[in-house]
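Please read the structure below before turning to the comments.
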Ligand SMILES: Cc1ncc(COP(=O)(O)O)c(C=O)c1O
């Protein structure tokens, strides 16, 4: 198939399918542009693989097997220059359980976990669920007016009992791709304070800015690799989150053993459809992914034009990756921006959950026409308030 043959203009109706995104609102008039789940159908190559697996007709227990394992290892080498041994890989039914389990596996109850906000909400809740202390350091703006890690504030906040740093790279919700220098500085910070680095790289194949490249944290150097737990999945890129297939890469044998001991008997196996979709995505999904990036690039340009011309009070900073726009609404002085827009027919993620009050997150992983409808609703809501 050529990139132009994929359908990114119409989407199946999802109401009534138990969709977290679409069935959330009691009012059917609310257009959901919140959770990180795109409206597009999966790549036909993946649907074909799932159909073939379905036709087999037997759905017994599955174990990590050669096809998905080889697909992941080849993908890491091809896409990210990362040579990984099969023994370092663990298939998981999700990264959120992995983040929570890392808090249990690598820290004790009197220890603390560091991250930087705003950030994907489970990073902030996982330490609490494990009854560990959370140290969350706000991101700061650099000289180019881009969000970045605030290393001075991190130095001031880190404690002798801090054991983990949870990184989101590329970053949800700010959409930045951290450069080598930023990642190396973080790696050095983790070394100096003897922190294990959980590097959640689930958005690494959603870089729509053609001048930007993702660096896998564990490829920076051996010392950083030895303290890094890399978390990845095909789920965001290929819009497969409901199929629950993710994986970790842990090079350090001791950390791997600890992780494996902690997940034993708690984490379920990935199911046969998750494996089939994961293998198909990495083996046959590249053209679809490239076509998706074109759509995201266009949607991003529409967002930039819209905020600059229609609502300059909303600050939308440049981003390079993801389909999630982080919008600073503070200039509008709305008491609860997400609720305000929901009352006006637009369902957005509330910034507070990310540690970013006064902000909302808008999912632009949808056809351009749907994005325009959402933006029209936003403009009307502000005009008529
Ligand atoms: C940074 C990040 N990690 C993890 C997840 C979810 O991972 P999973 O569905 O594998 O639990 C998301 C979903 O939006 C995310 O943005």
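Residue numbers (the working numbering): 2 to 386. Glycine is no exception: its CB is placed at the ideal position from the N, C-alpha and C atoms.
**Message:** Give me, in chain order, the residues of the same chain whose beta-carbon lies closer than 6 Å to that of residue 218; leave out the 5 immediate sequence neighbours on both sides.
**Reply:** Residue mapping note: residue 218 aligns to position 217 of the chain shown, counting from 1. Excluding sequence neighbours, residue 218 sits near 184, 200, 229.
**Request:** Would you kindly check if the distance between the Cβ of residue 104 and the Cβ of residue 128 is under 8 Å?
**Result:** The sequence position of residue 128 within the chain shown is 127, counting from 1. The sequence position of residue 104 within the chain shown is 103, counting from 1. Taking 8 Å as the Cβ cut-off, residue 128 and residue 104 qualify as a contacting pair.
**Message:** Taking 7 Å as the cut-off, is the beta-carbon of residue 91 closer than that to any non-hydrogen atom of ligand 1?
**Reply:** Here residue 91 corresponds to residue number 90 of the chain shown, with the count starting at 1. Outside the cutoff, so no.
**Prompt:** If you drop the 5 nearest sequence neighbours on each side, which residues of the same chain put their C-beta closer than 7 Å to that of residue 304?
**Reply:** By one-based count along the chain shown, residue 304 stands at place 303. Only 317, 326, 365 meet the Cβ criterion.
**Asked** Rounded to the nearest angstrom, how far is the Cβ of residue 94 from that of residue 268, given a contact under 8 Å?
**Response** Counting from 1 along the chain shown, the entry for residue 94 is found at position 93. Counting from 1 along the chain shown, the entry for residue 268 is found at position 267. The beta carbons of residue 94 and residue 268 sit about 7 Å from each other, so the pair counts as a contact at 8 Å.
**Item:** Helix, strand or coil at residue 388 according to DSSP, with G and I counted as helix
**Value:** For the chain, the structure presents residues 2 to 386; residue 388 sits outside this window and is missing.
**Request:** From the DSSP output, read off the bridge partner residues of residue 35.
**Result:** As a working note, residue 35 is residue 34 in the chain shown. None; residue 35 has no bridge partner.
**Request:** Using three-state DSSP, classify residue 21 as helix, strand or coil.
**Result:** Taking the first residue of the chain shown as 1, we reach residue 21 at position 20. Here residue 21 sits in coil by DSSP.
**Asked** Should residue 60 be labelled buried (16 or more other beta-carbon atoms within 10 Å of its own) or exposed?
**Response** Numbered from its first residue, the chain shown carries residue 60 at position 59. By the neighbour-count rule (16 or more Cβ atoms within 10 Å), residue 60 is not buried but exposed.
**Prompt:** residue 285 and residue 330: beta carbons closer than 8 Å?
**Reply:** For the purposes of this step, residue 285 is taken as residue 284 along the chain shown, with counting starting at 1. For the purposes of this step, residue 330 is taken as residue 329 along the chain shown, with counting starting at 1. The beta carbons of residue 285 and residue 330 sit no closer together than 8 Å.
**Prompt:** Relative to the alpha-carbon of residue 212, which residue among 379, 345, 179, 28 has its alpha-carbon at the smallest distance?
**Reply:** As a working note, residue 212 is residue 211 in the chain shown. Residue 212 has its Cα closest to that of 179, out of 379, 345, 179, 28.
**Message:** Output needed for residue 12: all residues of its chain with C-beta closer than 8 Å, excluding positions within five of it in sequence on either side, in chain order.
**Reply:** On the chain shown, position 11 is the one that residue 12 refers to. Short of 8 Å from the beta carbon of residue 12, and not among the five residues preceding or following it, lie these beta carbons of its own chain, in chain order: 40, 41, 42, 367, 368, 371.
**Request:** Please report the residue range of the alpha helix (DSSP H) in which residue 302 lies.
**Result:** To locate residue 302, count along the chain shown from 1; it is residue 301. Segment 287-310, the alpha helix (DSSP H) holding residue 302.
**Per-residue DSSP class, three states only, for residue 189** = Taking the first residue of the chain shown as position 1, residue 189 is located at position 188. Helix at residue 189.
**Request:** Only counting runs of 4 or more residues, tell me where the alpha helix (DSSP H) segments fall wholly within the region 223-269, in order along the chain.
**Result:** Whole alpha helix (DSSP H) segments, 4+ residues: 223-226, 254-264.
**Asked** Can you round the beta-carbon distance between residue 115 and residue 166 to whole angstroms, since I take them to be within the 8 Å contact cut?
**Response** Taking the chain shown and counting its residues from 1, one reaches residue 115 at position 114. Taking the chain shown and counting its residues from 1, one reaches residue 166 at position 165. Their Cβ separation, rounded to whole angstroms, is 5 Å, which keeps residue 115 and residue 166 in contact under 8 Å.
**Asked** Can you check whether the CB of residue 227 is closer than 8 Å to the CB of residue 253?
**Response** For the purposes of this step, residue 253 is taken as residue 252 along the chain shown, with counting starting at 1. For the purposes of this step, residue 227 is taken as residue 226 along the chain shown, with counting starting at 1. Residue 227 is positioned such that its CB atom lies closer than 8 Å to that of residue 253.
**Asked** Are there 16 or more other CB atoms within 10 angstroms of the CB of residue 338, so buried, or fewer, so exposed?
**Response** As a position in the chain shown, residue 338 is number 337, starting the count at 1. Buried, by the Cβ-count rule.
**Asked** Mind checking whether residue 117 and residue 150 have CB atoms under 8 Å apart?
**Response** Taking the chain shown and counting its residues from 1, one reaches residue 117 at position 116. Taking the chain shown and counting its residues from 1, one reaches residue 150 at position 149. Cβ distance < 8 Å, so residue 117 and residue 150 count as in contact.
**Prompt:** What is the DSSP secondary structure of residue 153, counted as helix, strand or coil?
**Reply:** Counting from one through the chain shown, the residue named residue 153 turns up at place 152. Residue 153 sits in a helix when the DSSP states are folded into three classes.
**Prompt:** Leaving out the 5 sequence neighbours to the left and right, which residues in its chain are closer than 6 Å to residue 210 when beta-carbon positions are compared?
**Reply:** Counted from its first residue, the chain shown places residue 210 at position 209. The residues are 321.
**Asked** According to the neighbour-count rule (16 or more other Cβ atoms, all chains shown, within 10 Å of its Cβ), is residue 215 buried or exposed?
**Response** Within the chain shown, numbered from 1, the residue matching residue 215 stands at position 214. Around the beta-carbon of residue 215, 16 or more other beta-carbon atoms lie within 10 Å, marking it buried.
**Message:** What does the alpha-carbon distance come out to for the pair residue 100 and residue 250?
**Reply:** Against the chain shown, residue 100 aligns to sequence position 99. Against the chain shown, residue 250 aligns to sequence position 249. The straight-line gap separating the alpha-carbon atoms of residue 100 and residue 250 is approximately 13 Å.
**Asked** Starting from residue 8 and walking both ways along the alpha helix (DSSP H), at which residues does that stretch end?
**Response** Within the chain shown, numbered from 1, the residue matching residue 8 stands at position 7. Note, residue 8: premise wrong, no alpha helix (DSSP H); not H, not E.
**Prompt:** Between residue 194 and ligand 2, is the CB less than 7 Å from at least one heavy atom?
**Reply:** Only ligand 1 can be found as ligands here, which leaves ligand 2 out of the picture.
**Close Cβ partners of residue 350 (< 6 Å) along its chain, the five nearest in sequence each way excluded** = Mapped onto the chain shown, residue 350 falls at position 349. By the criterion of a C-beta distance shorter than 6 Å, residue 350 is surrounded in its chain by 35, 362, once the five residues flanking it on both sides are discounted.
**Message:** Need the endpoints of the beta strand (DSSP E) that residue 362 sits in, please.
**Reply:** To locate residue 362, count along the chain shown from 1; it is residue 361. Element bounds for residue 362: 360-364.
**Message:** Classify residue 236: buried if its beta carbon has 16 or more other beta carbons within 10 angstroms, exposed otherwise.
**Reply:** Counted from its first residue, the chain shown places residue 236 at position 235. Classification of residue 236: buried, given that the 10 Å Cβ count is 16 or more.
**Prompt:** Between which two residues does the beta strand (DSSP E) containing residue 198 stretch?
**Reply:** By 1-based counting over the chain shown, the position of residue 198 is 197. Under the DSSP assignment, residue 198 falls in the beta strand (DSSP E) whose first and last residues are 197-201.
**Request:** Can you give me the start and stop residues for the alpha helix (DSSP H) that residue 27 sits inside?
**Result:** Position 26 of the chain shown, counted from the start, is the residue given in the question as residue 27. Looking at the DSSP string, residue 27 is not in any alpha helix (DSSP H), and its letter there is neither H nor E.
**Message:** Less than 7 Å separating the Cβ of residue 12 from some heavy atom of ligand 1?
**Reply:** Numbered from 1 along the chain shown, position 11 holds the residue referred to as residue 12. At a threshold of 7 Å, residue 12 does not count as near ligand 1, since its beta carbon sits no closer than that to any of the ligand's heavy atoms.
**residue 377 versus residue 341 - alpha carbon distance** = In the chain shown, counting from the first residue as 1, residue 377 sits at position 376. In the chain shown, counting from the first residue as 1, residue 341 sits at position 340. Rounded to whole angstroms, residue 377 to residue 341 spans 15 Å at the Cα level.
**Asked** Looking at the structure shown, is residue 101 part of a helix, part of a strand, or coil, going by DSSP?
**Response** Numbered from 1 along the chain shown, position 100 holds the residue referred to as residue 101. If DSSP states are grouped into helix, strand and coil, residue 101 belongs with the helices.
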